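A.B. asks: The following block contains the structure, expressed as structure tokens.
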DNA sequence: GTTGAAAGCGTGGTGAC
DNA sequence: GTCACCACGCTTTCAAC
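Chains as they are written, first to last, in our numbering: chain A, 37 to 181; chain B, 37 to 181.
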């Protein structure tokens, strides 16, 4: 796992179907050397697979997304927050953060109504004082990680 | 966008590097027919790209995450923003939003140094006036969707 | 252990139907 | 949508570092 491996991963993140030869000339290696490194990364479990990125709107119509900042009273218990957030299906990702807010939550739902319901469930959680939401107008990037 | 297209998307989700001929025999089509369908899905924006799935922890340990708000001067060009953001491997997801900021970007990198580099690339983009970052202290939820 | 070069062959990409 | 074509790139082998 050296700098070349990391460069290969970055290049493959941008284009997962890039040819070995093309990757090779961008990192200064031959095609066969590139393939061996990628195979090794797959065997080690660093690379778990290759996939296609699909626009979520294409399958179930245009949904609604929002980023919600959580402001809590007193101390924040990460464990309790995690249990609460995991119980809300609309939560795509979440984490405690630095800055004014205590945590940020990425929500995705099929319509505004479902979004409001999810928001209300977040607000009901223990220690949550108030929230600040930003609705997503247009999604620019979404990588499945 | 029929049942065959959906089956192709499902197969590509499992293996994004599958050959056209292999895909063809699994959906009952020829290789060139498959390629035309995939090209059409890409042109229509249903397929936004191909990428590699990397185990975040296996790569270089826990890593660092951050949410970055982008504040732009004057009008925001979503297309230009999208091109810029897609070129930065550290970008997990991003979208234009309501509220004070114009856009929010979810970043993940292997260490603070790489995070700073990615941040600098965001700031260099046209019309970006300044940014406000919140570093993730502990990841609470992450669903691969 | 790693790599690069060459040969054979499978596959992608394109055009005609 | 299929079939046929050609060129390119992948895969493998082998020798060398």
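Glycine included, C-beta positions come from ideal geometry on N, C-alpha and C.
Remember, it's a predicted structure, so these values are computed and weren't measured experimentally.
Residue 69 of chain A and residue 57 of chain A look like a contact to me (Cβ under 8 Å); what is the Cβ gap, rounded to whole Å?
C.D. replies: Residue 69 of chain A sits at position 33 when you count from the first residue of the first chain. Residue 57 of chain A sits at position 21 when you count from the first residue of the first chain. Contact flag wrong, Cβ pair sits at about 11 Å.
A.B. asks: Going by DSSP in three states, residue 41 of chain B sits in which element: helix, strand or coil?
C.D. replies: Looking up residue 41 of chain B in the second chain gives position 5. Helix, per DSSP.
A.B. asks: When the cut-off is 7 Å and only beta carbons count, does residue 95 of chain B lie next to chain A?
C.D. replies: In the second chain, residue 95 of chain B corresponds to position 59, counting from 1. Yes, its Cβ sits closer than 7 Å to a Cβ of chain A.
A.B. asks: Comparing the CB of residue 159 of chain B with every heavy atom of the ligand ATP, is any distance shorter than 6 Å?
C.D. replies: This structure does not include the ligand ATP; it has no bound ligands of any sort.
A.B. asks: Give a yes or no on whether the C-beta atoms belonging to residue 59 of chain B and residue 102 of chain B are separated by under 7 Å.
C.D. replies: The count along the second chain starts at 1 and reaches residue 59 of chain B at position 23. The count along the second chain starts at 1 and reaches residue 102 of chain B at position 66. Going by C-beta atoms, residue 59 of chain B is not nearer than 7 Å to residue 102 of chain B.
A.B. asks: Please compile the residues from chain A whose C-beta is within a distance smaller than 9 Å of the C-beta of residue 40 of chain B.
C.D. replies: On the second chain, residue 40 of chain B is found 4 positions in, with the first residue counted as 1. Those within 9 Å of residue 40 of chain B in chain A number zero; the least Cβ separation is about 15 Å.
A.B. asks: Cα separation between residue 39 of chain A and residue 122 of chain B?
C.D. replies: Numbered from its first residue, the first chain carries residue 39 of chain A at position 3. Numbered from its first residue, the second chain carries residue 122 of chain B at position 86. Answer to the nearest angstrom: the Cα atoms are 21 Å apart.
A.B. asks: Measure from the C-beta of residue 86 of chain A to each C-beta in chain B and report whether the shortest distance is under 7 Å.
C.D. replies: Position 50 of the first chain holds residue 86 of chain A. Output row for residue 86 of chain A: interface = yes.
A.B. asks: Mapping DSSP to helix, strand and coil, what is residue 174 of chain A?
C.D. replies: Stepping through the first chain from its first residue, residue 174 of chain A is reached at position 138. Reduced to three states, the DSSP call for residue 174 of chain A is strand.
A.B. asks: Starting from residue 129 of chain B, follow the beta strand (DSSP E) in both directions and report where the run begins and ends.
C.D. replies: On the second chain, residue 129 of chain B is found 93 positions in, with the first residue counted as 1. From DSSP, the beta strand (DSSP E) with residue 129 of chain B extends over 127-133.
A.B. asks: Under three-state DSSP, which class holds residue 90 of chain B?
C.D. replies: Working through the second chain from its first residue, we reach residue 90 of chain B at position 54. DSSP places residue 90 of chain B in strand when its eight states are reduced to three.
A.B. asks: Residues bridged to residue 169 of chain B by DSSP?
C.D. replies: For the purposes of this step, residue 169 of chain B is taken as the residue at position 133 of the second chain. DSSP output for residue 169 of chain B lists B/104 as bridge partner(s).
A.B. asks: Which residues in the same chain have their Cβ closer than 6 Å to the Cβ of residue 169 of chain B, if we skip the five residues on either side of it in sequence?
C.D. replies: The sequence position of residue 169 of chain B within the second chain is 133, counting from 1. Within the same chain, residue 169 of chain B has close Cβ partners 102, 104.
A.B. asks: Between which two residues does the alpha helix (DSSP H) containing residue 68 of chain B stretch?
C.D. replies: By 1-based counting over the second chain, the position of residue 68 of chain B is 32. Where residue 68 of chain B is concerned, the enclosing alpha helix (DSSP H) stretches over 67-79.
A.B. asks: Any Cβ of chain A within less than 7 Å of the Cβ of residue 98 of chain B?
C.D. replies: In the second chain, residue 98 of chain B corresponds to position 62, counting from 1. Answer no: the Cβ-Cβ gap between residue 98 of chain B and chain A never drops below 7 Å.
A.B. asks: Could you list the residues in the region 159-173 of chain B with a C-beta less than 9 Å from some C-beta on chain A, going in chain order?
C.D. replies: So the list reads 168, 169, 170, 171, 172, 173, given in the order they occur along the chain.
A.B. asks: Does the beta-carbon of residue 55 of chain B have 16 or more other beta-carbons within 10 angstroms, so that it is buried, or is it exposed?
C.D. replies: Here residue 55 of chain B refers to the residue found at position 19 of the second chain. Exposed.
A.B. asks: Looking at the C-beta of residue 128 of chain A, does it have a partner C-beta in chain B at a distance below 7 Å?
C.D. replies: For this step, residue 128 of chain A is matched to residue 92 along the first chain. True, the Cβ-Cβ gap to chain B drops below 7 Å.
A.B. asks: Using a Cβ-Cβ cut-off of less than 9 Å, give me the residues of the region 51-71 of chain A that come near chain B, in sequence order.
C.D. replies: If the cut-off is 9 Å between Cβ atoms, the region 51-71 of chain A has 51, 52, 53, 54 near chain B.
A.B. asks: Find the residues of chain B that neighbour residue 139 of chain A, judging by a C-beta separation of less than 8 Å, and give them in chain order.
C.D. replies: The residue given as residue 139 of chain A occupies position 103 in the first chain. 176, listed in chain order.
A.B. asks: Between residue 78 of chain A and chain B, is there a C-beta pair that is closer than 7 Å?
C.D. replies: Numbered from 1 along the first chain, position 42 holds the residue referred to as residue 78 of chain A. No, residue 78 of chain A lies away from the interface with chain B (no Cβ there is under 7 Å from its Cβ).
A.B. asks: Which partner residues does residue 143 of chain B have in the DSSP bridge list?
C.D. replies: Indexing the second chain from 1 puts residue 143 of chain B at position 107. B/102, B/127, per the DSSP bridge assignment.
A.B. asks: Using a C-beta to C-beta distance shorter than 7 Å, which residues of chain A count as neighbours of residue 110 of chain B?
C.D. replies: One-based indexing of the second chain puts residue 110 of chain B at position 74. Residues of chain A passing the Cβ test: none, with the nearest at roughly 17 Å.
A.B. asks: Mapping DSSP to helix, strand and coil, what is residue 164 of chain A?
C.D. replies: Within the first chain, residue 164 of chain A is the residue found at index 128, counting from 1. Here residue 164 of chain A sits in strand by DSSP.
A.B. asks: According to DSSP, simplified to helix, strand and coil, what is residue 96 of chain A?
C.D. replies: Taking the first chain and counting its residues from 1, one reaches residue 96 of chain A at position 60. Reduced to three states, the DSSP call for residue 96 of chain A is helix.
A.B. asks: Does the count of Cβ pairs from the region 80-93 of chain A and the region 113-128 of chain A closer than 8 Å reach three?
C.D. replies: No, the region 80-93 of chain A is not in contact with the region 113-128 of chain A.
A.B. asks: Buried or exposed for residue 74 of chain B, going by 16 or more other Cβ atoms inside 10 Å?
C.D. replies: Along the second chain, one-based indexing puts residue 74 of chain B at 38. Answer is buried; the Cβ neighbour count reaches 16.
A.B. asks: Can you grab the Cα-Cα spacing for the pair residue 45 of chain B / residue 163 of chain B, in whole Å?
C.D. replies: Mapped onto the second chain, residue 45 of chain B falls at position 9. Mapped onto the second chain, residue 163 of chain B falls at position 127. Taking the straight line from one Cα to the other gives about 36 Å.
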